[in-house]
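Below is one structure, written out as structure tokens, with a few remarks after it.
Written out as structure tokens, the structure is:
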């Protein structure tokens, strides 16, 4: 039978190991794509001791995961949205919706000159 202090230490150690968060030990994305379509979710891993660059892991409709380049246009847009969502507490899935600039019809109807 273990003494009370040893038992407490053992239970704290086990609890800490179970409740620890996932911290990758190396980069998760050996290859990246500049554009990824049909994504349903994404996670951003900021650069740190595990990796020297920011990483964006996209989950596709098929359930497959692919890495998006943080330097491309889509990656930069998602990184900005990710930062904004973390500051305001919004929904990150809104970042995946494509905002398209709607322009008026380029060809204007000619008005008859009278």
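In the UniProt record's numbering, the protein residues as written are 1 to 114.
Just so it is clear, CB atoms sit at the ideal spot from N, CA and C, and this is done for glycine as well.
Nothing here was measured: the structure is a model prediction, and the numbers come from that model.
- Taken through DSSP and simplified to helix, strand or coil, residue 41 comes out as strand.
- Under the 10 Å beta carbon count, residue 71 is surrounded by fewer than 16 other beta carbons and is classified as exposed.
- Here DSSP, grouped into helix, strand and coil, assigns residue 71 to coil.
- Shown here, residue 31 sits in coil according to DSSP, grouped into three states, outside any helix or strand.
- By the Cβ-count criterion, residue 69 is buried, with 16 or more other Cβ atoms from all chains shown falling within 10 Å of its own Cβ.
- Rounded to whole angstroms, residue 31 and residue 67 show a C-alpha spacing of 7 Å.
- C-alpha of residue 37 to C-alpha of residue 61: approximately 9 Å in a straight line.
- Look at residue 59 here: in three-state DSSP terms it is strand.
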